[in-house]
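Residue numbers (our numbering), protein chains in the order written: chain F, 1 to 363; chain C, 364 to 726; chain Y, 727 to 950; chain X, 951 to 1174; chain L, 1175 to 1418.
Okay, structure first, notes after.
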Amino acid sequence: MPDGLHLRLTQESPIPLNAEIACAPGEVLALVGPSGSGKSTLLRSIAGLYSPRYGQITCAGETWFDSTAGINMATAQRRVGMVFQSFALFPHLNALDNVAEAMLDLPLKERYKRARSWLQRVHLGGMETRLPRQLSGGQQQRVAVARALARQPRALLLDEPFSAVDRATREALYQELAELREELKMPVVLVTHDLDEATLLADRMSILNHGQTLQTDTPDRVLRAPASAEVARLMGMRNLFSGRVIQHEATHTLIQWNEWRLRVRLHPRFQPGDTIQWVMPTSGVLLMPTRPHEDEMLDNPIDVQIESMLALGENYRITLSAGDDRLTMQVPRYLAQRFSLLVGQGLPVRLRGETIHLLPAES
Amino acid sequence: MPDGLHLRLTQESPIPLNAEIACAPGEVLALVGPSGSGKSTLLRSIAGLYSPRYGQITCAGETWFDSTAGINMATAQRRVGMVFQSFALFPHLNALDNVAEAMLDLPLKERYKRARSWLQRVHLGGMETRLPRQLSGGQQQRVAVARALARQPRALLLDEPFSAVDRATREALYQELAELREELKMPVVLVTHDLDEATLLADRMSILNHGQTLQTDTPDRVLRAPASAEVARLMGMRNLFSGRVIQHEATHTLIQWNEWRLRVRLHPRFQPGDTIQWVMPTSGVLLMPTRPHEDEMLDNPIDVQIESMLALGENYRITLSAGDDRLTMQVPRYLAQRFSLLVGQGLPVRLRGETIHLLPAES
Amino acid sequence: MDWSALQLSLELSLWTMLILLPLGIWLGRLLAWRAFPGKSVVEALLTLPLVLPPTVLGFYLLMALGNRSPIGQAYETLFGQQLTFSFSGLLIASLIFNLPFAIQPMQRAFEAIPQEVREAARCCGLSPWRILHRIELPLAWPGILSALVLTFAHTLGEFGVVLMVGGSIPGETRTIAIAIYDRVQAFDNHAAAVMSAVLLLISLVAISLSYFAGTRIHREQSHA
Amino acid sequence: MDWSALQLSLELSLWTMLILLPLGIWLGRLLAWRAFPGKSVVEALLTLPLVLPPTVLGFYLLMALGNRSPIGQAYETLFGQQLTFSFSGLLIASLIFNLPFAIQPMQRAFEAIPQEVREAARCCGLSPWRILHRIELPLAWPGILSALVLTFAHTLGEFGVVLMVGGSIPGETRTIAIAIYDRVQAFDNHAAAVMSAVLLLISLVAISLSYFAGTRIHREQSHA
Amino acid sequence: VLGSAPAQAQPATIAAASDLQFALEAVREQYRLDTGRQVQVVYGSSGNFYRQIREGAPFQMFMSADESYVQQLADAGLTEDAGTLYAEGRIVLITPHGSVLKADTGLQGLGEALDNHQIQRFAIANPEHAPYGRRAEEALRHAGLWEALQGHLVLGENVSQAAQFATSGSTQGGIIAYSLALSPNVSRLGDYALIPQDWHEPLHQRMVLLRTAPPALHEFYAYLQGPRAREIMRDFGFELPEAR
Ligand SMILES: Nc1ncnc2c1ncn2[C@@H]1O[C@H](COP(=O)(O)OP(=O)(O)OP(=O)(O)O)[C@@H](O)[C@H]1O
Ligand SMILES: Nc1ncnc2c1ncn2[C@@H]1O[C@H](COP(=O)(O)OP(=O)(O)OP(=O)(O)O)[C@@H](O)[C@H]1O
Ligand SMILES: [Mg+2]
Ligand SMILES: [Mg+2]
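This is the structure:
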């Protein structure tokens, strides 16, 4: 039986599930999906807090759940560390006790020493004696994180563990998590809505929708080559359009999109004439005027018009009308200023064919 | 008495507060600050759920709270719409009733019609009869948002209202919020940890730390010209360094940083010889090879070394060692590949002096 | 079977519940959410009616409500009839000795309502009245139901106080508890057993149904 | 003042609480978290000891536990002494008529513990035993305290059942409630008043203190 | 069935009807002075004692207000013999101070007050099971007032409670035991008048030694039939049967 965490669950109702995930020891698997897709339910199933109709869950060679064999190991035996989406702190215990409670196998003194150090690590030094209701939302969440990590679990289950924490603290916690993961070599399943967080922390990423795992791959590959239009949409990829394959060349494939012919990376699995969908990250759309490069042979210059500009941190999100479709690009503020980009103006852009990924048309 | 929402609160303990904010009708004010800085406490004070020791709160010309005059209007009279950080749905009422409950002034039929349409607007059509415990975290949060919006409040108080919602849904909710804000012309105070969200939604942004409002300005200006090193740090600006003013020229100021002399935008308020700190967004660090532009006269070419590269969504976050300091830049993946960036390699970069902001040295 | 006694007991129980319901809710909320010096003492005072033997409590109530007492005289002037040995007197006694069961479970139930939920209700602009009947009461419902059921059962079974204050007047103050007691004392074990069985059965059915319906109402509250 | 009767009553109350505490916790948790067909009926059955007049309940208990009953005979064979008219018999009766007060408030208290908190406890690897004493009991504490206080008070005051099953034997089964009752019956109002006052005062102090300490313990749990 | 040994550690206990509680206490005190020995008495309802003795209650002597209980126990073989008639109870009409009703032996006052609708409440012990209640009913029937009193009667659980009702001021009067009315605590509260003995069946009070009775109790049993005890009993309002 293989190492790490393996799960395969199916049921129709009340919560539809058709999921399969695997997570090796020391690996971080990001579970990404829209609200209500069943992420928490999967974590709860792994922890033994929810028992779906059919399926198996194994971890480190142990069977935790098997619907056919009638196995359902008790939660306490599974030795998971879990951060609940709603924190679920013990309301009557202070921060220190909340963390210490997860380390009952240690002697009392050691337990409190470690609990103290865990609270330090999540930047809550000095808050030891506060009750949960005397802590802010983010502070409570960090206590929950400390409690889950403190356990030295065999599997770590994190349900949006940083959602209430500010940026700076979050980065520090990323660091802790990375270190711990090296140390403990356990599978880590991380639910998150933040794609940056997912790419930063996760080795692989599983896309979930309506309880179904649609694609599991490295974050990079999921973003570059989503398995379906559904995945692309779930990843928030705005540049998703219909087209038709014209022909395959030696180095690239030629597709038709509105009035344009685009050179895109080679996709031999489609036949010329096939109707397809194609997708491209916003970073695949570039302002025209840069020096040509050898890798730019797949660049497709087209003329579009600026429809709207939205400030977004240090960038502008610019919507371009391209034929009947709307193309989205992201431009750093300084460039937008340099090129005096204005709504309504025409703009020559390049579509980097290298970043264009073809998908079967949706039925 | 002025329009909109005005607040000025001070107390020493138990929660230190020294805050002043103002929010015009139709304006969105983002309240940003680290975990535990008092954001929720401010919102709760506005809603009348918390009464600090000293201060005033007025809204639309009405005094809601005045510690000296002994005024403390009841929460129900203040007519605020509030999304609690922990949602605080009515656990025994279904989604529809939760929303309808906020519109008691309407006739029954109308109330439920609108509640239904609100649930649609937050993408919860079909979930009307679910109890909160039968909803996922993000679904519960959206019910809370719908409930707060439904009230047609005189002030909208949103405590991280989108933290549990996925990206795609979140964008749709941004849209709803934007429309509503046009419609209702009420002050909106939005607590968020997401700077993108803040810049996207907020007209102005207030930075809070230890209960104290440090700077209030447009998101753009806060990011470009933070009022202090503290603010810069809170904004997660990694490029914050010490330096010394050398002299002021006609178009720029010259500063010394490690072995480099940097041309930065004119800061006449500092004297030559002053020790200062300077800060620059990660987007202020550019890869060398682009065509010179007329606005690039403030560019400062320096040679640095790549210390680490971290994948982050479609970008790499690259840490560069520059003298004794560590410089951070963000490079799109395709550029990193094109230039074959590797850890350890030397790299010529430009620091855009235009984006460099000088700050008084911290005492 | 003494049906009139049964009817009287049921009436007494219903009236007691009916009056203790608002009183218990009011006092229960007060005790749940207000902190004041001496609160423990007040809570303890509310338990004291349980401490005295019922007959003794009844004796003191007879003194306190009797014709010679100010209360008794005031009542007589107001309503033209005497308070002791009447249904009204019985009801007052019943209210007093049921206080402990009514208040405590309700207080605990209100204490268990999360503060944030009440805050959210205020933020939704609900009037205190609406908060009470739409948010607090449904959430405190299981505790309130417990209180009512205990009151109901205890009123049916209590006879020491009732006998002392009521005087066992058939059709007026002779409850089923007194009737059964009398049958037992008169060595009419058969009649006592029949009456006990009927009383137990009725109570069992009534209480089962109210628990059953109570939890259903609670669960389906939201479909109103 | 009949100190030995007071002592006996206090002993009886303490033993009753001591036995009902684990029993109530066990049954309360069972009823709080298990759903099974006929649950409402079980809950109602647990309320029934309140429905019968105490003396009548006492009469039936006397029959059920007496020398001629199987239970009484089994007890006598096992322990060489008779069950009725002894402290043990009193205790059994006391346990039965206090069941309703003990179970209900505890059940409600356990019901009020958020499911997620219990789940988190399991995820922390706590043993069921540890979950019970570290998480559930502290959180259910106010309800448990209520149950104990009601039991305490009610045991002090109950005399119908106790008189019937115990027989008022001085020093052994004559509780303070019976002693006060006797004084009232003997028109010795002064002695009755003194005893009542002492009993009420002791109860008031004991209950106030336990509420006071109870809420403090509850609040300061975490500094353990 | 013999009483088992281990239960005998406690002192001998007498179960006595409540109406004896003043008289018997005085006798006990005298017995203590005379002999230096003590007995323990528990007062209560004769019916309850009967029941408890049937169930094995550790009483060694039973002084009943109703002789039928003694007879039944004797029939069940729990007693040494058929017992002894030791006293006969009398009943009185008692009226609280300030009552419209005046206590008179012939109950004429009660009849008039009833005619004048001046009686709201009138207390007796419950005739269903209390011996004094039964006798009160008989007396009232004899006086022809029983029907008229219906709707006005409040019924005490026992005669003590009836006396409490009768003297509480919430009734206009009641019929209670003479022995109670004589006690200072009760007589303080109102006026009373004896009701003719032949208006009701006699209230035979019978006592009996149970099989478990120790020698000490035999002695007290005898003492109760002696002159000093009889004198005390008479002082407390009991008629005495012929001395043996
Ligand atoms: N008790 C229940 N009965 C029926 N459906 C339920 C119940 N609990 C949850 N659901 C539904 O199951 C689905 C999955 O819920 P889950 O909490 O796993 O979602 P999630 O992926 O964690 O979402 P989020 O990101 O919003 O937390 C949701 O659509 C939810 O409405
Ligand atoms: N009852 C209390 N007693 C003492 N301090 C408290 C109490 N409640 C909250 N605090 C403290 O007050 C500070 C402000 O809390 P608040 O909830 O306003 O923070 P916040 O800015 O909303 O943080 P977050 O982003 O984590 O939600 C925190 O440091 C918190 O620990
Ligand atoms: Mg979830
Ligand atoms: Mg907060």
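Glycine is no exception: its CB is placed at the ideal position from the N, C-alpha and C atoms.
Between S1036 (chain X) and the set X:P1120, X:L1076, X:V1148, the nearest pair of CA atoms involves X:P1120. Between I1293 (chain L) and A1336 (chain L) a beta carbon distance of about 15 Å is seen, past the 8 Å cut, so the two are scored as non-contacting. When Cβ pairs closer than 8 Å are counted between the two stretches, the segment 1081 to 1095 of chain X is seen not to touch the segment 743 to 763 of chain Y, the count staying below three. Pairing L7 (chain F) with G211 (chain F) gives a Cβ-Cβ distance that is not under 8 Å.
With contacts defined by Cβ atoms closer than 8 Å, G1164 (chain X) and R834 (chain Y) do not form a contacting pair.
Under the three-state reduction of DSSP output, Q841 (chain Y) falls in the helix class.
The continuous alpha helix (DSSP H) containing V1099 (chain X) extends over residues 1087 to 1107. Contact annotation, A770 (chain Y) with S1158 (chain X): C-beta distance approximately 4 Å; criterion of less than 8 Å satisfied. Close CB contacts of L412 (chain C) within its chain, under the 7 Å cut and outside five residues either way in sequence, are with T438 (chain order). For T1005 (chain X), the enclosing alpha helix (DSSP H) starts and ends at 1004 to 1015.
Per DSSP, the continuous alpha helix (DSSP H) segment holding V1244 (chain L) begins and ends at 1241 to 1249. Of all residues in the segment 908 to 929 of chain Y, those with a C-beta nearer than 9 Å to a C-beta of chain L are D908, R909, V910, Q911, A912, F913, D914, reading in chain order.
The alpha helix (DSSP H) runs of length 4 or more contained entirely in the segment 235 to 313 of chain F do not exist; there are none.
For the C-beta of V1328 (chain L), the chain Y residues within less than 7 Å are, from N- to C-terminus, F811, G893, S894, I895. Residue state for R79 (chain F) is assigned as coil, using DSSP reduced to three classes.
For ligand 2, the residues with a Cβ under 6 Å from any of its heavy atoms are, in chain order, F:Q134, F:L135, F:S136, F:G137, F:G138, F:Q139, F:A164, C:P377, C:I378, C:G396, C:S398, C:G399, C:S400, C:G401, C:K402, C:S403, C:T404, C:Q448.
The straight-line gap separating the alpha-carbon atoms of L698 (chain C) and L262 (chain F) is approximately 21 Å. Pairing T581 (chain C) with R567 (chain C) gives a Cβ-Cβ distance under 8 Å. Taking 7 Å as the cut-off, one finds no heavy atom of ligand 1 near enough to the beta carbon of R371 (chain C). Looking at the backbone, the Cα of I751 (chain Y) and that of E842 (chain Y) are separated by about 20 Å. According to the DSSP secondary-structure assignment, I71 (chain F) is paired through a beta bridge with F:D66. The criterion of a C-beta distance shorter than 8 Å is not satisfied by S1334 (chain L) and L1319 (chain L). Set against 7 Å, the gap from the CB of R151 (chain F) to the closest heavy atom of ligand 1 is not smaller.
Relative to ligand 3, D194 (chain F) has its C-beta separated by 7 Å or more from all heavy atoms. Residues are counted here when their Cβ sits less than 9 Å from a Cβ of chain F; for the segment 1082 to 1098 of chain X these are R1084, I1085, P1088, L1089, W1091, given in chain order. Taking 7 Å as the Cβ-Cβ cut-off, the segment 965 to 992 of chain X approaches chain Y at S990, V991, given in chain order. Per the Cβ contact rule, the segment 1033 to 1049 of chain X is in contact with the segment 1111 to 1127 of chain X (3 or more Cβ pairs under 8 Å). Under the 8 Å criterion on CB atoms, Q1065 (chain X) is classed as non-interfacial with respect to chain L. At a C-beta separation below 8 Å, F805 (chain Y) has no neighbours in chain X, since its nearest C-beta there lies roughly 29 Å away.
Distances from the alpha-carbon of R1385 (chain L) to those of L:R1228, L:Q1204, L:A1200, L:R1206 put L:R1228 closest. When 7 Å is used as the limit between beta carbons, G1343 (chain L) is near these residues of chain Y: G792, N793, R794, in chain order. Under DSSP, the beta-bridge partners assigned to V1216 (chain L) are L:A1189.
The C-beta separation of T1258 (chain L) from M1381 (chain L) comes to about 6 Å, placing the pair in contact by the 8 Å criterion. Interface flag for G1022 (chain X) against chain F is unset, since no Cβ pair is found closer than 8 Å.
The alpha carbon of Y1366 (chain L) has as its nearest neighbour, out of L:G1221, L:I1188, L:L1267, the alpha carbon of L:L1267. Less than 8 Å separates the beta-carbon of A1189 (chain L) from that of V1216 (chain L).
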